[in-house]
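A.B. asks:
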Amino acid sequence: MKVALIHDHLNQIGGAERVVLDMHKLWPQAPLYTLVHDKKKVGDFFNGLDIHSSFIQRLPLSLSHLRWYLSMMPTAIETFDLSDYDVILSSASAFGKGAIAPSHALHICYCHTPTRYLWSDANTYLKEVGGGAVIKYILPFVLNRLRMWDYLASQRVDFFLANSHFVADRIKRYYNREADVIYPPVDVDAYPYVEKLNYFIIVSRLRPYKKIDLAIQAFNRLNMNLVIVGDGEER
Numbered sequence: 164m165k166v167a168l169i170h171d172h173l174n175q176i177g178g179a180e181r182v183v184l185d186m187h188k189l190w191p192q193a194p195l196y197t198l199v200h201d202k203k204k205v206g207d208f209f210n211g212l213d214i215h216s217s218f219i220q221r222l223p224l225s226l227s228h229l230r231w232y233l234s235m236m237p238t239a240i241e242t243f244d245l246s247d248y249d250v251i252l253s254s255a256s257a258f259g260k261g262a263i264a265p266s267h268a269l270h271i272c273y274c275h276t277p278t279r280y281l282w283s284d285a286n287t288y289l290k291e292v293g294g295g296a297v298i299k300y301i302l303p304f305v306l307n308r309l310r311m312w313d314y315l316a317s318q319r320v321d322f323f324l325a326n327s328h329f330v331a332d333r334i335k336r337y338y339n340r341e342a343d344v345i346y347p348p349v350d351v352d353a354y355p356y357v358e359k360l361n362y363f364i365i366v367s368r369l370r371p372y373k374k375i376d377l378a379i380q381a382f383n384r385l386n387m388n389l390v391i392v393g394d395g396e397e398r
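Residue numbers 164 to 398, in my numbering, belong to the letters of the sequence shown in order.
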């Protein structure tokens with residue numbers, strides 16, 4: 164049985180990237196297909212993997228300004244030739260689910276969330292995106308077309324897996340698809356028990372869609388202690 168792995172893009176190291184790395188440990192011979200692979204940002208995290216990037220990798224400034232090529236991403240993910248594989252296992256929070264599996268193959272999507280900027284956080288994305296008036300005028304039309312593609316792509320998947328019941332509910336709401344829940348692989352025994360302390364902790368990349376600002380507001384209103392660990396554009 165020949166397996167191919169799909170991941171949206173390898174330009175950061177977060178929970179989803181750790182999940183796809185664990186997938187590769189289960190199928191070490193499986194190649195990994197992705198839109199772009201930014202070695203400067205991920206370092207040697209994916210060393211030893213047979214990584215195939217899309218044509219977007221070769222376009223000007225694609226690694227530093229990937230959003231410029233948003234409208235090309237459906238085409239890029241669909242052009243991967245997966246005809247030699249029996250199982251396509253995609254790790255997706257965006258375009259990965261859109262890879263076209265051959266008729267004889269099974270496509271299983273481990274969905275971290277339906278594409279946030281197309282569904283649950285679309286309005287927030289429109290408010291936060293940079294660019295001038297022309298970009299802000301055109302972008303809603305682009306996102307609308309991508310939303311239609313995203314829904315159609317979700318219908319090509321044979322089976323959905325979700326990383327939580329919350330995400331499974333989103334998959335049902337936006338894609339009208341059922342999903343079985345498999346929690347991300349975490350070695351809980353590696354974290355020793357400690358006495359209860361007088362604060363809560365968030366460990367996260369500090370990106371707008373993570374909504375860390377809401378947690379801060381909530382803890383300020385509750386007058387409780389919150390420690391935030393992470394890095395990103397909101398640091």
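No residue lacks a Cβ here, since even glycine has one placed at the ideal position from N, Cα and C.
(1) Can you list, in chain order, the stretches of the beta strand (DSSP E) that have 3 or more residues and sit fully within the stretch 249–280?
(2) Can you check whether the C-beta of residue 327 is within less than 7 Å of a C-beta belonging to chain D?
(3) Beta strand (DSSP E) containing residue 338: first to last residue?
(4) Report the rounded CA-to-CA distance for residue 255 versus residue 386, giving the unit in angstroms.
(5) Check the C-beta distance from residue 183 over to residue 347 and give it rounded, since I have them as a contact under 8 Å.
(6) Between residue 164 and the rest of its own chain, which residues show a CB-CB distance below 7 Å, the 5 nearest in sequence each way excluded?
(7) Out of 232, 166, 339 and 179, point me to the one whose CA is closest to residue 193's CA.
(8) For the putative contact between residue 279 and residue 372, defined by C-beta atoms under 8 Å, what is the C-beta separation to the nearest angstrom?
(9) Is the CB-CB distance between residue 237 and residue 312 below 7 Å?
(10) Give me whichever residues DSSP pairs with residue 344 in a beta bridge.
(11) Can you give me the C-alpha to C-alpha distance between residue 233 and residue 262, rounded to a whole angstrom?
(12) The beta strand (DSSP E) spanning residue 364 covers which residue range?
C.D. replies: Reading it off the structure:
(1) The stretch 249–280 contains these whole beta strand (DSSP E) runs: 250–255 and 269–274.
(2) Structure shown: chain D not included; a single protein chain is present.
(3) Here residue 338 belongs to no beta strand (DSSP E); instead the alpha helix (DSSP H) covers 328–338.
(4) 37 Å
(5) That belief does not hold up - the Cβ atoms of residue 183 and residue 347 are roughly 11 Å apart, past 8 Å.
(6) 249 and 250
(7) 166
(8) 5 Å
(9) yes
(10) In the DSSP assignment, residue 344 is bridged to 325.
(11) 16 Å
(12) Going by DSSP, residue 364 is part of the beta strand (DSSP E) stretching over 363–366.
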